[in-house]
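**Student:** Per the numbering used here, the very first residue in the sequence shown carries number 756; after that it's consecutive.
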Amino acid sequence: MNSQNVTDYPNNNTYFLVWNFRQNVAPDKIKSVFQRVCALVTNLNNSALDRFPNSKASCVMGIGYEAWLQLELPAPLPKEFKIFEEIKGSKHTAVSTRGDLHFHVRADVKSLAYDMASTISGFMKEVADCIVEVQGFRYWDSRSILGFVDGTENPHGKDRDYFAIIGDSDPQYEGGSYLFVQKYIHNLDAWKALPVGEQEKVIGRSKEQDIEMDDDVKPQNSHIALANIGDDFKVVRDNMPFGSVSSNEMGTYFICYASTFSTVEKMLTNMFIGNPPGNYDRILDFSTAQTGTLFFVPSADMLDLFSS
756 MNSQNVTDYP NNNTYFLVWN FRQNVAPDKI KSVFQRVCAL VTNLNNSALD RFPNSKASCV
816 MGIGYEAWLQ LELPAPLPKE FKIFEEIKGS KHTAVSTRGD LHFHVRADVK SLAYDMASTI
876 SGFMKEVADC IVEVQGFRYW DSRSILGFVD GTENPHGKDR DYFAIIGDSD PQYEGGSYLF
936 VQKYIHNLDA WKALPVGEQE KVIGRSKEQD IEMDDDVKPQ NSHIALANIG DDFKVVRDNM
996 PFGSVSSNEM GTYFICYAST FSTVEKMLTN MFIGNPPGNY DRILDFSTAQ TGTLFFVPSA
1056 DMLDLFSS
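Below you can see the structure in the form of structure tokens.
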């Protein structure tokens, strides 16, 4: 099965769009637009590859659980596909928010990313409302706006396919992926008030050189200690910073593709509840999750079937 472009590497410009279908639109109209959008995603990818082969442009579409049922897509559903349930810790909560369709648009050239996102929006606005629009950008050498390199633990090479794409464990959905997203807003004033040495303890890495602390030095509530749950449990992250400098509302759009959603759940449980409970990820004292949604990314072949 051919997959969508879930293992592409992050590049300079990204649009993240979450759309929800309107309740007052006829079901047949929604299904018709969905069919056309599936064809559009395939067309956008093919066109970008032909016209701008070096732009590393792509569009990946994910479908929410409620939308999957509303659109009467195949059953049984992917094995681990469900509505994401909030994970509530003693201090912080991984909230759950609805999302029907998610579009992840990437391109080195901002004009191309804009055109792709604009074309998608032109189709979707007939039947849905965009509830999240985030324009992400590459910050220096792939750093988050907190100043630390983001995604160092990402798998590379063939491992990206292994950890991001479903194999024969779920034959009906081979080539698909679980997609989980969260929009985080950072308290930059509080973060910048921390000395660099304290920031490094929060993350578990050096700020300038991106070197992980030794286990006997790294705090147990550091982000690295809790978010990384072992070499056998990885996901492919495509996080991007975003925000408004005038309002100082800057954030990170957390996005990951995974062959099993249980891996993501384990990571989030470690972060928000803690391991052991109460030992939560200290980065959450400076970063608030405003959204949290699970989508399923069908294979490119299945997307073609949905378009016909």
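Ideal Cβ placement from N, Cα and C applies to all residues, glycine included.
Please report the straight-line C-alpha distance between residue 793 and residue 1031, rounded to a whole angstrom.
**Tutor:** On the sequence shown, position 38 is the one that residue 793 refers to. On the sequence shown, position 276 is the one that residue 1031 refers to. Roughly 43 Å between the two C-alpha positions.
**Student:** Is it right to say residue 931 is buried, meaning 16 or more other beta carbons lie within 10 angstroms of its own, or is it exposed?
**Tutor:** Reading the sequence shown from its first residue, position 176 is the one you call residue 931. The residue in question, residue 931, is buried, as its Cβ has 16 or more Cβ neighbours within 10 Å.
**Student:** Would you list the residues sitting across from residue 823 in a DSSP beta bridge?
**Tutor:** Numbered from its first residue, the sequence shown carries residue 823 at position 68. Its beta-bridge partners do not exist; DSSP assigns none.
**Student:** CB residue 887 to CB residue 772, shorter than 8 Å?
**Tutor:** To locate residue 887, count along the sequence shown from 1; it is residue 132. To locate residue 772, count along the sequence shown from 1; it is residue 17. For residue 887 and residue 772, yes; Cβs fall inside 8 Å.
**Student:** For residue 759 and residue 1055, I'd like the C-alpha separation in whole angstroms.
**Tutor:** Indexing the sequence shown from 1 puts residue 759 at position 4. Indexing the sequence shown from 1 puts residue 1055 at position 300. So the alpha carbons of these two residues sit roughly 5 Å apart.
**Student:** What ranges does the beta strand (DSSP E) occupy inside the stretch 875–916, keeping only unbroken runs of at least 3 residues that lie completely in it?
**Tutor:** Listed in chain order, the complete beta strand (DSSP E) runs (minimum 3 residues) inside the stretch 875–916 are 883–892.
**Student:** Determine whether the beta carbon atoms of residue 777 and residue 925 lie at a separation below 8 Å.
**Tutor:** Start at 1 with the first residue of the sequence shown, and residue 777 comes out as number 22. Start at 1 with the first residue of the sequence shown, and residue 925 comes out as number 170. Taking 8 Å as the Cβ cut-off, residue 777 and residue 925 do not qualify as a contacting pair.
**Student:** Quick one: is residue 1067 buried, meaning 16 or more other Cβ sit within 10 Å of its Cβ, or exposed?
**Tutor:** Absent from the structure is residue 1067, since the part of the chain shown begins at 756 and ends at 1063.
**Student:** Could you pull out every unbroken beta strand (DSSP E) segment of at least 3 residues lying fully inside the stretch 967–996, listed in chain order?
**Tutor:** Within the stretch 967–996, no complete beta strand (DSSP E) run reaches 3 residues.
**Student:** Measure the alpha-carbon distance for residue 895 versus residue 995 and round it to whole angstroms.
**Tutor:** Position 140 of the sequence shown holds residue 895. Position 240 of the sequence shown holds residue 995. Cα-Cα distance, rounded: 11 Å.
**Student:** Of the residues 1052, 1033, 991, which one's Cα is nearest the Cα of residue 911?
**Tutor:** For the purposes of this step, residue 911 is taken as the residue at position 156 of the sequence shown. The residue with the shortest Cα to Cα distance from residue 911 is 991.
**Student:** Please report how far the alpha carbon of residue 899 lies from the alpha carbon of residue 1007, in whole angstroms.
**Tutor:** Your numbering for residue 899 matches position 144 in the sequence shown. Your numbering for residue 1007 matches position 252 in the sequence shown. Their Cα atoms are separated by approximately 7 Å.
**Student:** Which runs of the alpha helix (DSSP H) at least 4 residues long sit entirely within the stretch 988–1043? Give them in chain order.
**Tutor:** Taking only runs of at least 4 residues, the alpha helix (DSSP H) segments lying wholly in the stretch 988–1043 are 1016–1027.
**Student:** Going by the beta-carbon positions, is the gap between residue 768 and residue 862 smaller than 8 Å?
**Tutor:** On the sequence shown, residue 768 is found 13 positions in, with the first residue counted as 1. On the sequence shown, residue 862 is found 107 positions in, with the first residue counted as 1. It is a contact, given that the beta carbons lie within the stated cut-off.
**Student:** Between 958, 842, 843, 915, which has its C-alpha nearest residue 1038's C-alpha?
**Tutor:** Your numbering for residue 1038 matches position 283 in the sequence shown. Among 958, 842, 843, 915, the Cα nearest to that of residue 1038 is on 958.
**Student:** Return the CA-CA distance between residue 805 and residue 1058, expressed in angstroms with no decimal places.
**Tutor:** For the purposes of this step, residue 805 is identified with residue 50 of the sequence shown, where counting begins at 1. For the purposes of this step, residue 1058 is identified with residue 303 of the sequence shown, where counting begins at 1. Rounded to whole angstroms, residue 805 to residue 1058 spans 20 Å at the Cα level.
**Student:** Spell out the partners DSSP gives residue 813 in its beta bridges.
**Tutor:** Along the sequence shown, one-based indexing puts residue 813 at 58. Looking at the DSSP assignment, residue 813 forms a beta bridge with 861.
**Student:** Could you name the residues that DSSP lists as bridge partners for residue 919?
**Tutor:** On the sequence shown, residue 919 is found 164 positions in, with the first residue counted as 1. DSSP lists no partner for residue 919.
**Student:** Would a C-beta distance cut-off of 8 Å place residue 903 and residue 1019 closer than the cut-off?
**Tutor:** By one-based count along the sequence shown, residue 903 stands at place 148. By one-based count along the sequence shown, residue 1019 stands at place 264. Contact: no.
**Student:** Confirm, please, whether the CB-CB distance from residue 919 to residue 1013 is below 8 Å.
**Tutor:** Residue numbering aside, residue 1013 sits at position 258 when the sequence shown is read from its first letter. Residue numbering aside, residue 919 sits at position 164 when the sequence shown is read from its first letter. Closer than 8 Å, so yes.
**Student:** Do residue 878 and residue 997 have their CB atoms nearer than 8 Å?
**Tutor:** To locate residue 878, count along the sequence shown from 1; it is residue 123. To locate residue 997, count along the sequence shown from 1; it is residue 242. Not closer than 8 Å, so no.
**Student:** Buried or exposed: residue 820, going by 16 or more other Cβ atoms within 10 Å of its Cβ?
**Tutor:** The residue labelled residue 820 in the question sits at position 65 within the sequence shown. Result: buried.
**Student:** Return the CA-CA distance between residue 1047 and residue 999, expressed in angstroms with no decimal places.
**Tutor:** For the purposes of this step, residue 1047 is taken as residue 292 along the sequence shown, with counting starting at 1. For the purposes of this step, residue 999 is taken as residue 244 along the sequence shown, with counting starting at 1. Cα-Cα distance, rounded: 21 Å.
**Student:** Is residue 838 buried or exposed, if buried means 16 or more other CB atoms sit within 10 Å of its CB?
**Tutor:** Mapped onto the sequence shown, residue 838 falls at position 83. Label assigned to residue 838: exposed.
**Student:** Give the DSSP-derived three-state secondary structure of residue 937 in the structure shown.
**Tutor:** Looking up residue 937 in the sequence shown gives position 182. Correct three-state label for residue 937: strand.
**Student:** Give a yes or no on whether the C-beta atoms belonging to residue 980 and residue 1026 are separated by under 8 Å.
**Tutor:** Locating residue 980 in the sequence shown gives position 225, counting from the first residue. Locating residue 1026 in the sequence shown gives position 271, counting from the first residue. No, the Cβ-Cβ distance between residue 980 and residue 1026 is not below 8 Å.
**Student:** What do you get for residue 867, buried or exposed, if any count of 16 or more other CB atoms within 10 angstroms of its CB means buried?
**Tutor:** Numbered from its first residue, the sequence shown carries residue 867 at position 112. Result: buried.
**Student:** What does DSSP give as the partner residue(s) for residue 770 in the beta ladder?
**Tutor:** Counted from its first residue, the sequence shown places residue 770 at position 15. Per DSSP, 860, 890.
**Student:** How would you label residue 972, buried or exposed, when you count the other beta carbons within 10 angstroms and need 16 or more for buried?
**Tutor:** Along the sequence shown, read from residue 1 onward, the residue named residue 972 stands at position 217. So residue 972 ends up on the exposed side.
**Student:** Within the same chain, show all residues whose beta-carbon is closer than 7 Å to that of residue 961, passing over the 5 residues directly before and after it, in chain order.
**Tutor:** Counting from one through the sequence shown, the residue named residue 961 turns up at place 206. Result list for residue 961: 955, in chain order.
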